[in-house]
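Engineer:
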Amino acid sequence: MTMFGPNLIVYEEEFERINAVLARLWMDANAKIVFLVDKNGQQIAAKGDLEKVDATSLASLTAGNVAATDGLARLIGEKEFSILFHEGERDNIHISIVGQRLILVVIFDERSSLGLVRLRVRKAAAELEEVLTQMASKAAEEGQAPASPFAEITDEDIDALFTE
Amino acid sequence: MSFINYASREINCKIVYYGPGLGGKTTNLQYIYERTNPQNKGQLISLATETDRTLFFDFLPLDLGSVRGFRTRFHLYTVPGQVFYDASRKLILKGVDGVIFVADSQEARMDANVESLDNLRTNLRENGFDLALVPYALQFNKRDLAGAVPYDVLLRALNVKGEPTFEAVAPKGVGVFETLKAVAKQVLHELSKK
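Each protein sequence line maps, in turn, to chains A and B.
Taking this note's numbering, I'd label the letters of the first sequence as residues 2 to 165.
Taking this note's numbering, I'd label the letters of the second sequence as residues 99 to 292.
(1) Within 9 Å (strictly less), CB to CB, does A:S58 reach chain B?
(2) Classify B:K240 as buried or exposed, calling it buried when 16 or more other Cβ atoms lie within 10 Å of its own Cβ.
(3) Drop a sphere of 10 angstroms on the beta-carbon of B:R187, count the other beta-carbons inside from all chains shown, and report buried for 16 or more, exposed for fewer.
(4) When the Cα atoms are used, what is the spatial distance from A:L1 to A:E13?
(5) Would you identify the three-state DSSP class for A:A32, choosing helix, strand or coil?
(6) Could you name the residues of the same chain whose beta carbon sits closer than 8 Å to that of A:R25, not counting the 5 residues immediately before and after it, in chain order?
(7) Terminal residues of the continuous beta strand (DSSP E) containing A:Q44?
(8) Which residues of chain A have a Cβ atom closer than 8 Å to the Cβ of B:I198, listed in chain order?
(9) So, is the C-beta of A:Q43 closer than 9 Å to a C-beta in chain B?
(10) Taking B:R169 as part of the beta strand (DSSP E), name the residues at either end of that continuous run.
(11) Ends of the alpha helix (DSSP H) at B:I130?
(12) Are the CB atoms of B:K192 and B:L229 nearer to each other than 9 Å?
(13) DSSP on A:L127, reduced to helix/strand/coil?
(14) B:Y129 to A:Q135, Cα distance in whole Å?
(15) Grab the span of the alpha helix (DSSP H) containing A:A60 for me, first residue to last.
(16) Straight-line CA distance for B:V200 to B:D242?
(17) For chain A, find out if any of its Cβ atoms is closer than 9 Å to the Cβ of B:G154; answer yes or no.
(18) Express the C-alpha separation of B:R107 and A:A46 in angstroms, rounding to a whole number.
(19) Pick from B:R133, B:T152, B:Q237: whose alpha carbon is nearest that of B:Y183?
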């Protein structure tokens with residue numbers, strides 16, 4: 002194990018399960034957009050009307066928002082605020098923490114309601130936690146991980162990335 | 099902590115620009131943003147005060163193309179340099195893959211450089227990292243200013259482990275991509291060991 006702790010690695014099987022959970026949540030909650038981000042701001046999966054938003058920025062700002070709120074929680078002696086809700090004139094954002102590591106974001110308008118979103122999020126969060134557990138046990142099993150795609154990376158490969 | 103998605107064949111890494119206030123961290127990001135093809139970059143997000151001082155962070159997603167069939171994305175962040183934003187700085191270092199320290203070459207900012215470097219060491223430790231092990235590059239910015247401290251003096255004061263060190267004039271782009279490349283290289287090599 003290195004100092005950096007385990008990287009977050011998602012394989013095909015878990016990725017499909019995550020996408021299935023998000024798709025169901027998107028439909029059941031009548032949401033516009035549903036997406037899953039890790040606490041460092043990397044977008045993992047998303048479902049919905051994504052053309053209209055800048056998903057990468059959304060992911061990064063969500064993580065920043067959650068990090069700042071976590072900091073506030075600790076200042077007053079709370080472990081975390083597990084749900085954040087931002088209400089707008091048209092659209093609303095519901096943010097919840099899943100398995101201490103991931104952030105589930107639901108964007109919805111008047112076709113849905115906070116109550117419905119909360120209800121459906123609770124179910125989806127439980128399913129996502131199961132997938133997370135599966136990912137963790139997979140990572141723990143030695144020999145499971147395929148060789149890093151970068152195992153034989155050369156300086157030339159890296160230089161090529163910067164040629165433009 | 100990078101994010102590797104085998105299903106969509108993507109790798110995302112996080113690089114943080116650290117250093118004293120007004121040292122040019124945001125300017126580094128702005129130059130990279132201006133000089134990158136539109137298809138390879140996302141929006142440059144700046145959470146800044148009305149006077150353009152960084153309040154929480156700047157963020158720039160950069161798509162560097164493919165390595166070994168994996169799309170490689172770097173997420174560049176800056177921290178707010180001002181001393182009293184320490185809580186925010188600590189948050190941004192969470193899950194970092196590589197750090198660039200942007201030092202200010204002016205004599206009057208030497209104390210601020212050293213203080214910020216100490217602060218980096220502390221905040222990395224609190225996030226479970228060790229400056230001695232983390233992919234890291236050093237940049238001496240503002241080399242064009244009259245009275246800039248000589249390179250050797252800065253090197254002695256700020257170079258902690260023989261890390262790659264670059265002279266820069268960030269608004270003109272001197273040294274900007276060189277510094278980024280040096281740390282990106284280390285990050286990718288680090289990934290190859292896992």
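Ideal Cβ placement from N, Cα and C applies to all residues, glycine included.
Structural biologist: Looking at the atomic coordinates:
(1) Judged by the 9 Å Cβ criterion, A:S58 is in contact with chain B.
(2) Residue environment: B:K240 is assigned as buried (16 or more neighbouring CB atoms within 10 Å of its CB, all protein chains considered).
(3) Result: buried.
(4) Examination of residue 1 of chain A is not possible in this model, given that chain A is present from 2 through 165 alone.
(5) In the structure shown, A:A32 sits in coil (DSSP, three-state: anything other than H, G, I, E or B).
(6) Contacts found: A125.
(7) Per DSSP, A:Q44 belongs to the beta strand (DSSP E) from 44-49.
(8) Within chain A, no residue comes near B:I198; the closest Cβ sits about 15 Å away, beyond 8 Å.
(9) Cβ-Cβ to chain B under 9 Å: yes for A:Q43.
(10) Run containing B:R169: 168-176, per the beta strand (DSSP E) assignment.
(11) 123-133 is the extent of the alpha helix (DSSP H) around B:I130.
(12) No; because the gap between Cβ atoms is not below 9 Å, this pair is not in contact.
(13) In the sequence on display, residue 127 of chain A carries Ala and not Leu. Note: A:A127 maps to helix in three-state DSSP.
(14) About 42 Å.
(15) From DSSP, the alpha helix (DSSP H) with A:A60 extends over 56-76.
(16) Rounded to the nearest angstrom, the two C-alpha atoms are 15 Å apart.
(17) The question names Gly, yet the displayed sequence has Phe at residue 154 of chain B. So yes, B:F154 belongs to the interface.
(18) In a straight line, the C-alpha of A:A46 is about 13 Å away from that of B:R107.
(19) Ranking B:R133, B:T152, B:Q237 by Cα distance to B:Y183 puts B:T152 first.
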